[in-house]
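The sequence shown finishes on residue 447 if you use this note's numbering, and the numbering steps up by one all the way, no holes.
No residue lacks a Cβ here, since even glycine has one placed at the ideal position from N, Cα and C.
Written below as structure tokens is the structure these notes are about.
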Amino acid sequence: MPIMLQTSAKNMVGVSLLGIGGASAINTKHVKSVEILAYGELGTESIKKIYFDRYRVIVGIDTEGNTLQKQEVRKYAR
370 MPIMLQTSAK NMVGVSLLGI GGASAINTKH VKSVEILAYG ELGTESIKKI
420 YFDRYRVIVG IDTEGNTLQK QEVRKYAR
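Structural data, given as structure tokens:
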């Protein structure tokens with residue numbers, strides 16, 4: 370994950386969510402509402418506030434700027 374995303378997640382108290390291909394399409398029925406906060410012209414890459422119920426995704430970057438990839442590689446390294 371780019372360091373800019375990690376820093377932004379930490380500074381803005383946000384997260385980056387990861388969805389798996391077709392599963393993300395199925396999950397759309399769990400989205401209750403979406404509010405575009407910034408960069409609306411970027412479409413799917415805009416910054417949004419999403420309200421959902423039972424939306425199955427993985428947190429790629431948490432509010433502290435930690436990344437799933439970095440933590441899991443260390444966890445399973447031999």
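DSSP places Gly-409 in no beta strand (DSSP E); its state is neither H nor E. By DSSP's assignment, Tyr-424 forms no beta bridge with any residue. Per DSSP, Ile-395 is one residue of the alpha helix (DSSP H) stretching across 390-396. Counting along the chain, Arg-443 sits inside the alpha helix (DSSP H) bounded by residues 437-445. Asp-431 is a Cβ neighbour of Ala-378, given a cutoff of 8 angstroms. Note that the stretch 393-400 touches the stretch 417-436; at least 3 beta-carbon pairs, one per stretch, sit closer than 8 angstroms.
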